[in-house]
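Trainee: Be aware that the sequence shown starts at 473, since it is given in this note's numbering, and climbs by one per residue.
Sharing a structure with you now.
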Amino acid sequence: MTHTCDVAIVGGGIGGLTLATSLAQQSMSVQVFEQDSQLREIGAGIAIGGNATRLLHRLGVDLSPVANVPPALELRRWKDGGLLWSHPIGEWYRHEVGAAFLMLHRATLQRFLAAAVPPDCIRLSRRLAGLSDESAGVRLHFADGEDVVARVVAGVDGVNSTVRRYVCGDVAPAHSGESGSAASSRSGSRGTCPIRLHSISGADPARTLSATGSTGANW
Ligand SMILES: Cc1cc2nc3c(=O)[nH]c(=O)nc-3n(C[C@H](O)[C@H](O)[C@H](O)COP(=O)(O)OP(=O)(O)OC[C@H]3O[C@@H](n4cnc5c(N)ncnc54)[C@H](O)[C@@H]3O)c2cc1C
């Protein structure tokens with residue numbers, strides 16, 4: 473049996489859920505297809521800049537009860553915690569940018585986004601296997617054998633995207649060599665690093681970071 477919808481969103485991560493919320497609020501017929509049997513985020517904290525919190529606020533996703541507003545972003549030397557760089561956040565940032573800089577746990581963000589999507593729009597355990605063109609739009613072939621035909625397909629299915637293969641061919645993602653922290657043009661910005669948990673304002677640091685000890689945290 474073949475179902476139809478206006479917009480098929482492949483991937484129920486924070487990108488797919490945000491897009492679904494936005495389109496559903498424009499009264500579009502939208503379906504999110506997520507391969508996992510439940511919506512879950514792997515990871516610890518996520519920082520969301522004002523460009524994103526402004527849009528989330530417009531979508532009615534109020535993260536203020538569950539997020540922290542850090543007073544500053546600080547880059548510290550891993551060896552001794554010496555301050556290398558600091559930038560004010562808090563009220564200064566909110567005033568300058570016109571929206572808050574927030575930090576919260578990824579799973580919490582995903583839970584809030586999922587709650588904003590009309591529940592009948594989310595289809596779990598639907599793994600996209602491939603796509604093909606047809607006159608009415610694009611046919612999505614799912615691993616469970618059930619097809620969907622959509623007028624528009626949004627590929628929000630992560631770094632190993634199946635949708636990207638359909639658009640770009642079998643091209644593996646390549647590292648640009650330019651991403652990472654401000655401290656180094658070739659470094660990644662993540663890992664276990666010393667973080668002063670007491671410098672986080674607002675509430676329980678565990679909301680934002682999964683602490684690994686008194687001086688370390690995974691972010
Ligand atoms: C260590 C780390 C730290 C980061 N920190 C920040 C930060 O502080 N702030 C920030 O803004 N960004 C941060 N990012 C980037 C941010 O996490 C990503 O941009 C974001 O999670 C991407 O979300 P997404 O929904 O597009 O993709 P994903 O989170 O990858 O979700 C893709 C979804 O698609 C599903 N899927 C995949 N294939 C299929 C298929 N064939 N069929 C159906 N479903 C499928 C997956 O199961 C998954 O649920 C960080 C990234 C990393 C790796």
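We treat Cβ as the ideally placed atom computed from N, Cα and C, and that holds for glycine.
1) Could you give the uninterrupted runs of the alpha helix (DSSP H) lying entirely in the stretch 516 to 604, keeping only those of 4 residues or more?
2) Helix, strand or coil for Ala-622 per DSSP?
3) Label His-577 either buried or exposed according to how many other C-beta atoms from any shown protein chain fall within 10 Å of its C-beta, with 16 as the threshold for buried.
4) Could you check if Thr-474 is buried or exposed, using at least 16 other CB atoms within 10 Å of its CB as the buried criterion?
5) For the alpha helix (DSSP H) that Ala-646 lies in, which residues bound it at each end?
6) Mind checking Pro-542: buried by the 16 CB within 10 Å criterion, or exposed?
7) Just the C-alpha distance for Ser-648 and Leu-603, rounded to the nearest angstrom, thanks.
8) Just reading off the alpha helix (DSSP H) that Val-639 is part of, what are its end residues?
9) Would you kindly check if the distance between the Cβ of Val-502 and the Cβ of Ile-518 is under 8 angstroms?
10) Taking the alpha-carbon of Asp-605 as reference, which of Asp-619, Ala-572 and Leu-596 has the nearest alpha-carbon?
11) Thr-476 bridges to which residues according to DSSP?
12) With burial defined as no fewer than 16 other Cβ atoms inside 10 Å of the residue's Cβ, what is the status of Arg-658: buried or exposed?
13) Count Cβ pairs between the stretch 543 to 553 and the stretch 491 to 499 that sit closer than 8 angstroms; are there 3 or more?
14) Quick one: what's got a C-beta closer than 6 angstroms to Ser-633's C-beta in the same chain, skipping five residues either side?
15) Within the same chain, show all residues whose beta-carbon is closer than 7 angstroms to that of His-559, passing over the 5 residues directly before and after it, in chain order.
16) Go through its chain and collect everything with a Cβ distance to Arg-636's Cβ below 7 angstroms, but skip five positions before and after it.
17) In angstroms, rounded to a whole number, what distance separates the CA positions of Glu-513 and Gly-554?
18) When every heavy atom of ligand 1 is checked, does at least one fall within less than 7 angstroms of the C-beta of Phe-584?
19) To the nearest angstrom, how far is it from the Cα of Trp-716 to the Cα of Leu-556?
Mentor: Based on what the coordinates show:
1) 522 to 530, 562 to 569 and 578 to 588
2) strand
3) Result: buried.
4) It is exposed - the Cβ of Thr-474 has fewer than 16 other Cβ atoms within 10 Å.
5) Element bounds for Ala-646: n/a, residue is neither H nor E.
6) It counts as buried.
7) 28 angstroms
8) 634 to 640
9) no
10) Asp-619
11) Val-621
12) Its pLDDT being 41, under 50, Arg-658 is placed unreliably in this model, and the value from its coordinates should be taken loosely. Result: exposed.
13) no
14) Gly-627
15) Exclusion of the five residues before and after His-559 leaves Ala-544 and Leu-545 as the residues of its chain whose Cβ lies within less than 7 angstroms of its Cβ.
16) Counting only Cβ-Cβ distances below 7 angstroms, and skipping sequence neighbours, we find Gly-627.
17) 32 angstroms
18) no
19) Because the chain spans 473 through 691 in this model, residue 716 falls outside it and cannot be assessed.
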